[in-house]
Amino acid sequence: DTAVSQTPKYLVTQMGNDKSIKCEQNLGHDTMYWYKQDSKKFLKIMFSYNNKELIINETVPNRFSPKSPDKAHLNLHINSLELGDSAVYFCASSPLGVGEKLFFGSGTQLSVL
Amino acid sequence: GDSVTQMEGPVTLSEEAFLTINCTYTATGYPSLFWYVQYPGEGLQLLLKATKADDKGSNKGFEATYRKETTSFHLEKGSVQVSDSAVYFCAPGSGGSNYKLTFGKGTLLTVNP
Chain L
115 DTAVSQTPKY LVTQMGNDKS IKCEQNLGHD TMYWYKQDSK KFLKIMFSYN
165 NKELIINETV PNRFSPKSPD KAHLNLHINS LELGDSAVYF CASSPLGVGE
215 KLFFGSGTQL SVL
Chain R
324 GDSVTQMEGP VTLSEEAFLT INCTYTATGY PSLFWYVQYP GEGLQLLLKA
374 TKADDKGSNK GFEATYRKET TSFHLEKGSV QVSDSAVYFC APGSGGSNYK
424 LTFGKGTLLT VNP
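One line per chain: the protein sequences are L and R, in this order. The first sequence runs 115 to 227 under the numbering used here. The second sequence runs 324 to 436 under the numbering used here.
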């Protein structure tokens, strides 16, 4: 059983399109995250949800809209895709609490043409 | 906000060589400190962690010691293997109720036979 699963693994699309990435965790964790990794491997947090509530929003363009229907799911919808959105997007989860490690999904490679 | 400075990569070593990857951080308070590893095509996974000053985290032959006075958490391994080839990320974890890990650019390690 995969602990944190993301779909799709690869996403190729045209500029201006709208796309979604889905994430599910079966670990019973309270907190979920979206991170973006650029081509130079720099990994930056985008959002964090705790039990369906947004708790971190790191000045991400409002074309990006996360949605958490329940605490096991955190989806990412992106409107009007731009070339600069091309990256690998990672979902992660953790139990609530300082000092806890994150469990990562295997990533979604988004390519905007 | 929190930040991490890691040794610039790529780092290329021969098998059985000694490895050091330097990491310094800035963070509010006393964060937990983590090293994560990303193997090709995969998500990040925890390598080791330390939760307070002078703690040493260790796993798979890797070690790092939490140095509060120098705000550092350098990663070391006495004898690297080809299978250690990966990208390594140092990350402080802090923020209380807005807990998050702050990653940097990562350091690509290539170990040749």
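Heads up, the beta-carbon is just placed ideally off N, CA and C, and yes, glycines get one too.
By the 16-neighbour rule on beta-carbons within 10 angstroms, L:Glu196 is exposed. If you look at L:Met160, you'll find it in the beta strand (DSSP E) that goes 157–164. At least 8 Å separates the beta-carbon of L:Leu227 from that of L:Gln120.
The bridge partners DSSP lists for L:Ser179 are L:His191. Sequence-distant partners of L:Ser179 (beyond 5 residues in either direction) whose C-beta falls short of 7 Å from its own C-beta, in its chain, are His191. For L:Phe156, the neighbours in chain R by C-beta distance under 9 Å run, in chain order, Phe426, Gly427, Lys428, Gly429.
A distance of 8 Å or more separates the beta carbons of R:Gly429 and L:Ser220. In chain order, Met330, Leu398, Tyr411, Thr430 place their CB closer than 6 Å to the CB of R:Ile344, counting only its own chain and leaving out the 5 sequence neighbours on each side. When C-beta distances to chain L are compared with 8 Å, the residues of the stretch 325–357 of chain R below that value are Ser355, Phe357, in chain order. With a cutoff of 8 Å on beta-carbon distance, L:Tyr149 and L:Ala186 are scored as not near each other. Taking the Cα positions, R:Gly364 is about 34 Å away from R:Gly352. The beta carbon of R:Leu342 sits closer than 6 Å to those of Lys400, Val403, all from its chain and outside the five residues before and after it, given in chain order.
Under DSSP, R:Glu399 forms a beta bridge with R:Thr343, R:Glu386. Excluding the 5 residues flanking it on each side, R:Phe357 has same chain C-beta neighbours closer than 7 Å at Leu369, Lys372, Ala414, Gly416, Leu424, in chain order. Annotation: R:Tyr359 to L:Lys215 spans about 10 Å, alpha carbon to alpha carbon.
Within the DSSP secondary-structure output, R:Pro354 pairs in no beta bridge.
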